[in-house]
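Student:
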Amino acid sequence: MSGAFAGPAVLARELHRRFGAVVALDGLGFQIGRGELYGLIGPDGAGKTTAIRAVAGLIDLDAGEVRVAGLDPLRDGAVREKLGLMPQQYSLYRDLTVEENLRFFGRLSVLPRAVYRERADRLLAITRLAPFTGRRADQLSGGMYKKLALACALLHQPEVLLLDEPTNGVDPVSRRELWALLHEFVEGGMAVLISTPYMDEAERCHRVGLVHRGRLLLEGAPEALLAEFERAGHAAPTFEQLFVDRIEAAA
Amino acid sequence: MTRQGLRRSLVRIGAMAGKEAIHVQRDPRTLALALVMPLVMLVLFGYGVSTDVDHTRLAVADEDGSEASRALVRAFGASQEFEVVTRRPPAAAEGLFRAGDAVAALVVPRGYQRELLQGRRAEVQLLLDGADAMVANQLLAKADAIVRQESRRLAGLELAALRPPVQVRLWTQYNPAGRSAFYMVPGISAFLLAITAVMLTALTIAGEWERGSMEQLFASPVGRLEIVLGKLLPYLALGLLELQLVVAFGAVAFDVPMRGPIWLLFLTGLLFLVGMLGQGLLISVLAKNQLVATQAGTLSAMLPAIILSGMIFPVENMPLPLQLLSRVIPARYLVHALRGILLKGSGVAELWPDLLALTLFAVAVVTLATRRFKRRVA
Amino acid sequence: MSAPAIQAVELSRRFGAFTAVDRVSFEVEQGEIFGYLGANGAGKSTTIRMLIGLLAPSGGRATVAGHDVATAPDAVKASIGYMSQKFSLYLDLPVSENLRFFGAAYGLEGKALAARTAELLERVGLTGQGEAITGELPGGLRQRLALASALLHRPPLVFLDEPTAGVDPVARRTFWSLIRELAAGGTTVFVTTHYLDEAEYCRRIGLMVDGKLVALDTPAGLKRTWVPDQVLVARGQGLARAAEALRRLPGVKAVSPFGAALHVRVDPARLDAARVAAALAAAGAVAPAVEATPASLEDVFLAAVDRGAGGVAP
């Protein structure tokens with residue numbers, strides 16, 4: 062990873078965006094450093110997907126700015142070489158096989174053949190998808206599909222990885238495998254922004270942001286947040302309890 | 261753009277085109293639409309829906325009864341198009357039409373030969389059942405030709421040296437039998453290229469949006485132009501292949517000639533396809549939904565290609581507003597140009613207005629589509 | 612004792628040479644909340660499709676709400692409510708329209724339909740949302756609507772296929788309180804989920820691995836059977852690195868990340884909390900704190916799948 066840029070891997074400041082009458086982002090902002098795993102949690106409709114799309118440069122903003130490795134994703138196409146995205150929707154090609162999907166994304170990044178082969182083989186091994194390279198994507202189970210989507214997003218070794226609820230509908234075992242893969246890349250210096258409905262996943266992040274109605278309610282390291290929660294007098298502090306408590310208080 | 265940048269671009273375009281080729285392969289319905297349908301249509305239109313008028317029942321009322329009038333009637337009877345079925349007085353003609361016993365009636369008035377011998381023009385009357393305008397038109401044209409032929413014969417050798425009027429020569433030389441297949445093949449080519457280019461393009465691009473994969477593409481290093489080129493190039497190739505197929509099949513099955521330069525045929529097809537592909541792109545960018553895209557494609561490309569291009573209904577016979585509308589339909593120019601190239605051997609000198617119109621349309625549509633195709637999901 | 616709501620006997624399904632469901636047998640009592648777990652591709656969805664009459668079994672038989680799924684699938688469909696994994700209501704219709712449509716499909720009409728619609732909206736907490744467009748509702752509310760539509764014809768038995776997938780913790784709690792109310796009222800609930808904390812709410816759980824039903828018991832029973840060893844939870848810094856070394860320690864059955872901590876399954880005869888903490892510290896962890904913790908269903912799940920994949924038997 063080049064790491065030429067000295068500032069934060071992701072910077073989002075005072076993001077505002079409404080869709081018709083619905084306010085999706087209402088001043089949301091956060092920073093993610095290199096090698097940091099940042100979790101976005103929040104109720105449905107809080108603006109997590111919109112925030113991720115804003116960082117990816119996929120939606121226009123009414124106000125605010127986003128910088129990925131110092132570049133503006135809305136204006137600078139070079140951002141996309143450094144970015145990996147795994148959207149919530151199933152966005153791989155269903156009638157293409159595992160290998161064909163991988164090769165397609167490899168070619169989009171113009172990876173030399175030898176480099177592609179080495180990385181693809183490694184990713185296929187870690188995700189245990191190697192025996193299924195000839196299987197069409199629509200014949201994969203949910204967990205296998207998500208692993209493939211993650212592999213496709215990691216092929217070009219992005220500096221920043223954006224994941225929108227990547228483990229929805231994925232069984233507990235595959236979920237762990239996905240996280241193991243994530244951790245490996247994070248330790249290599251990749252910055253990750255991940256939104257998740259699983260509280261145990263939130264706990265595995267370096268820092269967590271609780272989003273509600275388009276703004277940040279709470280932010281910090283999970284242990285610190287939990288410790289504070291406990292100090293405030295809650296008996297059995299689990300992260301889930303913290304979530305429920307804060308959201309109900311804000312309602 | 262640097263050479264390095266260009267090379268990378270080509271790789272990405274290649275990746276998109278390669279993926280598109282796999283999709284087309286894996287969905288046999290698309291291929292069937294593109295390759296089988298042209299042949300089926302050609303067979304249907306060529307053999308089945310014939311607008312040729314052979315053995316049209318002709319009632320004859322020869323009131324002159326002279327050598328000359330009998331010669332004229334013989335000329336009609338000898339032609340493939342007319343079959344003399346009855347000889348009746350002109351008053352009975354309408355009844356014959358209604359009963360279907362005759363579709364046309366030839367009335368040679370008393371004094372026909374006398375007029376001719378005196379060196380004056382002689383008139384004959386042709387009554388047509390105009391219920392079917394297309395048939396009536398063709399009959400009129402043929403009757404006209406027979407009469408002119410007869411005129412020349414009467415005029416004798418003196419006039420043989422003179423050049424005959426351009427009209428008749430054109431008519432007999434390029435489509436001597438007036439076979440409808442000749443007329444139809446250019447039209448069908450236009451229709452099929454329109455389908456392939458507009459519908460399939462609209463489906464594939466709208467499909468990416470619908471499936472959610474467009475979002476993934478927008479977040480990848482691939483540029484918008486690369487996406488467009490990569491997705492559309494396979495359909496351009498498919499369209500040109502179709503054109504080849506239709507022309508070849510037309511030649512083999514219906515003896516449709518190929519008199520003009522081949523390169524011009526493909527250039528015209530190419531210009532038309534680019535415009536149609538642009539139209540497909542524009543539709544899918546606006547619709548982002550396969551169902552809406554197909555309906556818009558049908559309305560804006562297929563129907564005009566059939567109705568307003570001159571494929572079946574001659575443009576000249578349309579009411580003025582539709583004639584004007586036809587001017588913005590690219591299919592019209594393609595049909596006109598193809599007829600020129602295949603049947604008349606026309607070259608750039610004759611067809612440059614059509615080429616210009618196709619180019620203008622292509623540029624306009626592609627520009628519009630590119631502007632609307634934004635790298636945003638919301 | 613009333614007849615079981617669901618009875619499956621040696622139920623099997625093959626697709627060509629592949630056996631998706633391999634002689635599965637179990638019974639679900641009326642009014643029970645029965646959980647059905649398994650990895651993706653383990654055969655859960657196929658089993659459910661057979662039980663609700665959408666797929667014919669290749670072998671064995673099953674009786675659902677008193678009807679045989681092979682010979683009377685239509686009767687089965689009419690007697691059950693089904694909430695599919697993929698949201699299957701019309702996104703562009705308002706909430707009440709969706710309910711009216713599906714109610715009419717079940718034969719309700721007129722005043723009865725209107726009354727039932729209003730009743731269900733209240734039941735699931737969507738009163739006042741009748742005119743909201745379904746597609747604009749947040750995920751949690753949408754799922755509640757889907758549940759309501761499965762209950763329109765008052766079925767004695769409902770199948771819920773991952774009803775809370777992607778839903779946030781607050782909404783999930785609300786949803787499960789609805790499920791508990793349902794069961795308390797006598798409706799049998801057959802539910803699948805990947806949220807193992809939710810699975811604790813079930814009275815009994817069936818666990819599928821590679822097409823076979825490998826476990827069927829109450830949550831407590833499952834924990835006793837599958838995780839009889841000690842489960843310790845280790846907290847601290849640098850645990851991820853130390854985990855690898857820990858796995859190689861004799862007496863350690865499994866080490867899995869659980870949130871920010873590690874769950875360590877050990878043979879209590881050979882290791883205790885203190886020893887594990889020492890091992891972690893030696894492997895580079897900073898200030899490791901290790902203590903006993905009750906086993907969770909996720910520990911059970913991991914142990915069962917591990918065993919299915921040739922791992923260590925309990």
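For the record, the sequence lines run as chains A, B and C. Read in order, the letters of the first sequence correspond to residues 62 to 312 in my numbering. Read in order, the letters of the second sequence correspond to residues 261 to 638 in my numbering. Read in order, the letters of the third sequence correspond to residues 612 to 925 in my numbering. For glycine and all other residues, C-beta sits at the position ideal for the given N, C-alpha and C.
(1) Kindly indicate which three-state DSSP category H244 (chain A) falls into: helix, strand or coil?
(2) Using a Cβ-Cβ cut-off of 7 Å, state whether S152 (chain A) counts as contacting chain C.
(3) Shortest alpha-carbon distance to Y717 (chain C) belongs to which of C:K697, C:A686, C:S907?
(4) Run through DSSP, which three-state label would L98 (chain A) get?
(5) Taking only runs of the alpha helix (DSSP H) that begin and end inside the stretch 728-808 of chain C, which ones reach a length of at least 4 residues, in chain order?
(6) Given a cut-off of 7 Å, decide if A673 (chain C) and V680 (chain C) are closer than it, judged by their beta-carbon atoms.
(7) Take A898 (chain C) and list the residues in its own chain whose beta-carbon comes closer than 7 Å to its own, dropping the five residues that flank it on each side.
(8) If I'm right that I691 (chain C) touches A667 (chain C) with Cβ under 8 Å, what's the distance once you round it to whole angstroms?
(9) Label A288 (chain A) either buried or exposed according to how many other C-beta atoms from any shown protein chain fall within 10 Å of its C-beta, with 16 as the threshold for buried.
(10) Between B:E341, B:Q340, B:I572, B:E323, which lies nearest to R347 (chain B) when the distance is taken from Cα to Cα?
(11) Helix, strand or coil for G88 (chain A) per DSSP?
(12) Can you check whether the C-beta of R307 (chain A) is within less than 7 Å of a C-beta belonging to chain C?
(13) Leaving out the 5 sequence neighbours to the left and right, which residues in its chain are closer than 8 Å to N435 (chain B) when beta-carbon positions are compared?
(14) Would R276 (chain A) be called buried (16 or more neighbouring beta carbons within 10 Å of its own) or exposed?
(15) Please classify H874 (chain C) as buried or exposed, where buried requires at least 16 neighbouring CB atoms within 10 angstroms.
(16) Check whether the Cβ atoms of R519 (chain B) and G605 (chain B) sit closer than 7 Å, and answer yes or no.
(17) When you compare the CB of R263 (chain B) with every CB in chain A, is at least one pair closer than 7 Å?
(18) Could you confirm whether any beta carbon from chain A is found closer than 7 Å to the beta carbon of G472 (chain B)?
(19) Would P173 (chain A) pass as an interface residue toward chain B - the criterion being a Cβ-Cβ separation below 7 Å?
(20) Between the alpha carbons of K823 (chain C) and V838 (chain C), how many angstroms are there, rounded?
(21) Could you work out which residues of chain B lie near E142 (chain A), taking near to mean beta carbons separated by less than 8 Å?
(22) Based on the DSSP secondary-structure assignment, which residues constitute the bridge partners of M694 (chain C)?
(23) How about L209 (chain A): is its C-beta nearer than 7 Å to some C-beta of chain C?
(24) Please classify D261 (chain A) as buried or exposed, where buried requires at least 16 other C-beta atoms within 10 Å of its C-beta.
(25) Measure how close the beta-carbons of A117 (chain A) and L144 (chain A) come, nearest whole angstrom, since I'm counting them as under 8 Å.
(26) Considering only residues of the same chain and omitting the five flanking positions on each side of H267 (chain A), which have a CB-CB separation below 6 Å?
(27) Using beta carbons (cut-off 7 Å, strictly below), is K279 (chain B) in contact with chain A?
(28) Mind checking the stretch 100-129 of chain A against chain B and listing, in chain order, the residues whose C-beta falls within less than 9 Å of any C-beta there?
(29) When you compare only the Cα positions, how much space is there between L489 (chain B) and A277 (chain B)?
(30) Select from B:L620, B:A292, B:F336 the residue whose C-alpha is nearest the C-alpha of A401 (chain B).
(31) Evaluate contact between the stretch 728-739 of chain C and the stretch 748-768 of chain C, counting only Cβ atoms and requiring at least three cross-stretch pairs below 8 Å.
(32) On the CB-based measure, 16 or more other CB atoms within 10 Å of its CB, does V916 (chain C) come out buried or exposed?
(33) Ignoring anything shorter than 4 residues or poking outside the stretch 219-265 of chain A, list the alpha helix (DSSP H) runs there in chain order.
(34) Run the CB neighbour count on P581 (chain B), radius 10 Å, all protein chains shown included, and call it buried at 16 or more, exposed below.
(35) Determine the closest residue to Y593 (chain B) out of B:F451, B:G472, B:A281, with distance taken between C-alpha atoms.
(36) Looking at the strands, I want to know which residues DSSP matches up with A466 (chain B).
Tutor: With the structure as the only source:
(1) If you number the first sequence from 1, residue 244 (chain A) lands on position 183. In this structure, H244 (chain A) counts as helix in the three-state DSSP scheme.
(2) Position 91 of the first sequence, counting from 1, holds the residue named residue 152 (chain A). With its beta carbon at least 7 Å from every one in chain C, S152 (chain A) lies outside the interface.
(3) Within the third sequence, residue 717 (chain C) is the residue found at index 106, counting from 1. Cα-wise, what sits closest to Y717 (chain C) is C:A686.
(4) Locating residue 98 (chain A) in the first sequence gives position 37, where the first residue counts as 1. Residue state, collapsed to three classes: strand.
(5) Within the stretch 728-808 of chain C, the complete alpha helix (DSSP H) segments of 4 residues or longer fall at 750-762, 780-795, listed in chain order.
(6) Translated into the one-based positions of the third sequence, residue 680 (chain C) becomes position 69. Translated into the one-based positions of the third sequence, residue 673 (chain C) becomes position 62. Inclusion of V680 (chain C) and A673 (chain C) in the CB contact set at 7 Å is warranted, their separation being smaller than that value.
(7) Counted from its first residue, the third sequence places residue 898 (chain C) at position 287. If we look at A898 (chain C) and ignore the five residues flanking it on each side, its Cβ neighbours are G847, Q848.
(8) Translated into positions along the third sequence, residue 691 (chain C) becomes position 80. Translated into positions along the third sequence, residue 667 (chain C) becomes position 56. About 17 Å separates the beta carbons of I691 (chain C) and A667 (chain C), which is beyond the 8 Å limit, so they are not a contact pair.
(9) Along the first sequence, read from residue 1 onward, the residue named residue 288 (chain A) stands at position 227. Counting C-beta atoms within 10 angstroms of its own C-beta, A288 (chain A) has fewer than 16 neighbours from the protein chains shown and is therefore classed as exposed.
(10) Counting from 1 along the second sequence, the entry for residue 347 (chain B) is found at position 87. It is B:E323.
(11) Indexing the first sequence from 1 puts residue 88 (chain A) at position 27. In the structure shown, G88 (chain A) adopts extended strand secondary structure according to DSSP, grouped into three states.
(12) By one-based count along the first sequence, residue 307 (chain A) stands at place 246. For R307 (chain A), the answer is no, since every Cβ of chain C falls outside 7 Å of its Cβ.
(13) In the second sequence, counting from the first residue as 1, residue 435 (chain B) sits at position 175. Low per-residue confidence applies at N435 (chain B): pLDDT is 49, beneath 50, and the placement is therefore not dependable, though the value from the model is reported in the following sentence. Excluding five sequence positions before and after N435 (chain B), the CB atoms of its chain that fall closer than 8 Å to its own CB belong to F442, Y443, L603, given in chain order.
(14) Counting from one through the first sequence, the residue named residue 276 (chain A) turns up at place 215. Under this definition R276 (chain A) is a buried residue.
(15) Against the third sequence, residue 874 (chain C) aligns to sequence position 263. Classification of H874 (chain C): buried, given that the 10 Å Cβ count is 16 or more.
(16) The count along the second sequence starts at 1 and reaches residue 519 (chain B) at position 259. The count along the second sequence starts at 1 and reaches residue 605 (chain B) at position 345. With a cutoff of 7 Å on beta-carbon distance, R519 (chain B) and G605 (chain B) are scored as near each other.
(17) Here residue 263 (chain B) corresponds to residue number 3 of the second sequence, with the count starting at 1. Residue-level contact check: R263 (chain B) does not touch chain A, since none of the beta carbons of chain A fall below 7 Å from its beta carbon.
(18) Here residue 472 (chain B) is taken as the residue at index 212 of the second sequence, counted from 1. Residue contact check for G472 (chain B) against chain A: a CB pair falls below 7 Å.
(19) Within the first sequence, residue 173 (chain A) is the residue found at index 112, counting from 1. No, its Cβ sits nowhere closer than 7 Å to a Cβ of chain B.
(20) For the purposes of this step, residue 823 (chain C) is taken as residue 212 along the third sequence, with counting starting at 1. For the purposes of this step, residue 838 (chain C) is taken as residue 227 along the third sequence, with counting starting at 1. Their backbone Cα atoms lie some 20 Å apart in a straight line.
(21) As a working mapping, residue 142 (chain A) is identified with position 81 in the first sequence. Simply P481.
(22) Here residue 694 (chain C) refers to the residue found at position 83 when the third sequence is read from its first residue. Bridge partners of M694 (chain C): C:L771.
(23) On the first sequence, position 148 is the one that residue 209 (chain A) refers to. Residue-level contact by beta carbon fails for L209 (chain A) and chain C, as no gap is shorter than 7 Å.
(24) The residue labelled residue 261 (chain A) in the question sits at position 200 within the first sequence. Label assigned to D261 (chain A): buried.
(25) As a working note, residue 117 (chain A) is residue 56 in the first sequence. As a working note, residue 144 (chain A) is residue 83 in the first sequence. Rounded, the Cβ-Cβ distance is 6 Å, consistent with contact.
(26) Taking the first residue of the first sequence as 1, we reach residue 267 (chain A) at position 206. Closer than 6 Å at the Cβ level, and outside the excluded window around H267 (chain A), lie E97, L98.
(27) Reading the second sequence from its first residue, position 19 is the one you call residue 279 (chain B). Chain A contact via Cβ: present.
(28) Cβ contacts with chain B: T111, R114, A117, G118, L119, I120, D121.
(29) Counting from 1 along the second sequence, the entry for residue 489 (chain B) is found at position 229. Counting from 1 along the second sequence, the entry for residue 277 (chain B) is found at position 17. Approximately 8 Å, taken between the alpha carbons.
(30) Here the question's residue 401 (chain B) lines up with position 141 in the second sequence. When each option's Cα is compared against that of A401 (chain B), the closest is B:F336.
(31) Contact holds between the stretch 728-739 of chain C and the stretch 748-768 of chain C, because three or more Cβ pairs, one in each stretch, are under 8 Å apart.
(32) Taking the third sequence and counting its residues from 1, one reaches residue 916 (chain C) at position 305. Buried is the label assigned to V916 (chain C), since at least 16 other Cβ atoms lie within 10 Å of its Cβ.
(33) You should have 233-248, 260-264.
(34) Reading the second sequence from its first residue, position 321 is the one you call residue 581 (chain B). Burial call: exposed.
(35) Mapped onto the second sequence, residue 593 (chain B) falls at position 333. Checked all of B:F451, B:G472, B:A281; the closest Cα to Y593 (chain B) is B:F451.
(36) Mapped onto the second sequence, residue 466 (chain B) falls at position 206. DSSP, once it has assigned bridges, lists no residue as partnering A466 (chain B).
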